[in-house]
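Novice:
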Amino acid sequence: MIDAFSYLSVLLSIIVGLAITQVLQGYRALILARDRVKLAAVPLIWSVLLLFFAVQGWWASFGLRDQAEWSFAGFTVLLTQMILLYMMAAVVLPDVPDEIGIDLATHHDRHRRAFFGFLIALLGVSIAKDVVLSGHLPSPGNLAFHGVLASTALAGILVGGARAQLLIALFAAVGFTIYVAILFARI
Numbered sequence: 746m747i748d749a750f751s752y753l754s755v756l757l758s759i760i761v762g763l764a765i766t767q768v769l770q771g772y773r774a775l776i777l778a779r780d781r782v783k784l785a786a787v788p789l790i791w792s793v794l795l796l797f798f799a800v801q802g803w804w805a806s807f808g809l810r811d812q813a814e815w816s817f818a819g820f821t822v823l824l825t826q827m828i829l830l831y832m833m834a835a836v837v838l839p840d841v842p843d844e845i846g847i848d849l850a851t852h853h854d855r856h857r858r859a860f861f862g863f864l865i866a867l868l869g870v871s872i873a874k875d876v877v878l879s880g881h882l883p884s885p886g887n888l889a890f891h892g893v894l895a896s897t898a899l900a901g902i903l904v905g906g907a908r909a910q911l912l913i914a915l916f917a918a919v920g921f922t923i924y925v926a927i928l929f930a931r932i
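Add 745 to a position in the sequence shown, counting from 1, and you land on the number used in my numbering.
#1: Can you list, in chain order, the residues of its chain whose CB lies under 7 Å from that of Gly819, leaving out five sequence neighbours each side?
#2: Mind checking which residues open and close the alpha helix (DSSP H) that includes His852?
#3: Quick one: Cα of Met746 to Cα of Gln801, how far?
#4: With 16 other CB atoms within 10 Å as the buried threshold, where does Ser751 fall?
#5: Can you give me the C-alpha to C-alpha distance between Phe916 and Thr897, rounded to a whole angstrom?
#6: Check whether the Cβ atoms of Leu894 and Leu868 lie closer than 8 Å to each other.
#7: Comparing alpha-carbon positions, which option in Ile776, Asp854 and Gly886 lies nearest Pro788?
#8: Just tell me which of Ala786, Asp848 and Leu823 has its CA closest to the CA of Phe807.
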């Protein structure tokens, strides 16, 4: 018997691995260019959160191992979710060119609309994934978290300023920690 989940999860795992690698390479670049980098808490908080998003997405996908029927649409929605995660990882930290200084706060401000847009899209696809794969919306608690995080991301798009962005990042970090502790501590 062919294990469809194992076959399909290979590509998903590669994309999650690339997202993690993207963030870790960003850390490496910041360390190597530390004398030319002006650090800022907000993109660093989001980069750590992205590592947790990636691990949680991979962890939660294991719950699909008993999915009996797979369609191209079901796989595509799951694949899209992982691609959006990667895109967030691609913009959260800058590339650090040789001999040029980098200000993380400026980088975040320049790319925050794309970053939060990817996050909103990821959350929408996450809801669609449940509908496509199981035929119903996520549980009320899970759906509520999606709404809170989407609202947080919308605030990230609409509200500029270092202090507001820091509060948004900290709120997301606390909220995501609670979400995982309540809904995904065990699979």
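Where a beta carbon is used, it is the ideal one built from N, C-alpha and C, also for glycine.
Specialist: Quick answer:
#1: Only Val877 and Leu878 meet the Cβ criterion.
#2: Start and end: Leu849 to Ser879.
#3: Because the pLDDT at Met746 is just 44, under 50, the model does not fix this residue reliably, and the value given afterwards should be weighed accordingly. If you take the alpha carbons of Met746 and Gln801, they lie about 29 Å apart.
#4: Classification of Ser751: exposed, given that the 10 Å Cβ count is below 16.
#5: So the alpha carbons of these two residues sit roughly 8 Å apart.
#6: Going by C-beta atoms, Leu894 is nearer than 8 Å to Leu868.
#7: Measuring from the Cα of Pro788, the nearest candidate turns out to be Asp854.
#8: Ranking Ala786, Asp848 and Leu823 by Cα distance to Phe807 puts Leu823 first.
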